[in-house]
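Heads up, the thing below is written out as structure tokens.
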Amino acid sequence: MKSSQALVLVFLALLFAWAGQVALGFFQVGRLEPILNEETNYPAPPTPSGLAQTGARVFASQGCLECHSLSVRGPSGSADLTRGWGPRRTVPRDYLFREPALIGLSRIGSDLSNVGLRVPESKDLLMHLYNPRQRNPNSTCPPHPWLFDSSLAGPSIENEALSVPTRDWKQLLPSYEAKALVAYLQSLRTDYALPEAPLK
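Here the sequence shown is numbered in our numbering, starting from 376 and rising by one per residue.
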């Protein structure tokens, strides 16, 4: 008799844990929809391009979440907003079109949820991927040279080639994965207002 009661208690504990983790999350977040911006007639949050969605997978595969978060925390005046990591805090609606929703916990590096606003130039992001210490000597980010291909320059250097010194008339060109990763990073921006998170 006691063993059956213990089994029922274990079952109820698992049921409540499931309800708290899955069902409650679905009712709180699962029904969120984008907001239509009446001025631009675009949805907020914006839908990332296919290249940016591919870049999210590259971001995850390169282990960027080990050092970076993608969530500006806190109310107005918080440390994240004071640092300039974003114009407002991040809310669940911001992750609607992000599959998978990469959030991250570690902050060895800066938060990247608004890196598309802070570093809008693709050449700067590509240079950071190739050699982070060239842009910031104190950077702890590891270089990612495998995301670039070396090829002969020919009569002229291509527009997307990195401006780094090479030997034997070679040029460094970003691979498809590097371009996708940069497209993803440029899509990370919260310069739109939401009902639960207005711009400051």
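Idealized CB from N, CA, C, for every residue including glycine.
1. Could you tell me which residues DSSP pairs with phenylalanine 523 in its beta bridges?
2. Would you mind giving the Cβ-Cβ distance between phenylalanine 523 and serine 485, rounded to the nearest angstrom? I have them listed as a contact below 8 Å.
3. Per DSSP, proline 418 forms a beta bridge with which residues?
4. Tell me, please, which residues DSSP counts as bridged to alanine 572.
5. Which residues bound the alpha helix (DSSP H) around tryptophan 460?
6. Please state the DSSP three-state secondary structure of glutamine 437.
7. Here's a check: name, in chain order, each residue in its chain whose Cβ is nearer than 8 Å to the Cβ of serine 424, leaving out the five neighbours to either side.
8. How would you label proline 495, buried or exposed, when you count the other beta carbons within 10 angstroms and need 16 or more for buried?
9. Quick check on tyrosine 505: buried or exposed, where buried means 16 or more other Cβ atoms within 10 Å of its Cβ?
10. Quick check: the Cα distance between arginine 468 and leucine 569, rounded to an integer number of angstroms?
11. Pick helix, strand or coil for alanine 476, following the three-state DSSP scheme.
12. Would you kindly work out how many angstroms separate the C-alpha atoms of methionine 502 and glutamine 509, rounded to a whole number?
13. Label valine 383 either buried or exposed according to how many other C-beta atoms from any shown protein chain fall within 10 Å of its C-beta, with 16 as the threshold for buried.
14. Here's the rule I'm using: 16 or more other beta-carbon atoms within 10 Å means buried, otherwise exposed. How should leucine 387 be labelled?
Taking the coordinates as given:
1. Pro549
2. So it is not a contact: roughly 23 Å between Cβ atoms.
3. Leu411
4. Leu569
5. From DSSP, tryptophan 460 is part of no alpha helix (DSSP H); its letter is neither H nor E.
6. coil
7. Ala558, Ser562
8. exposed
9. buried
10. 8 Å
11. coil
12. 8 Å
13. exposed
14. exposed
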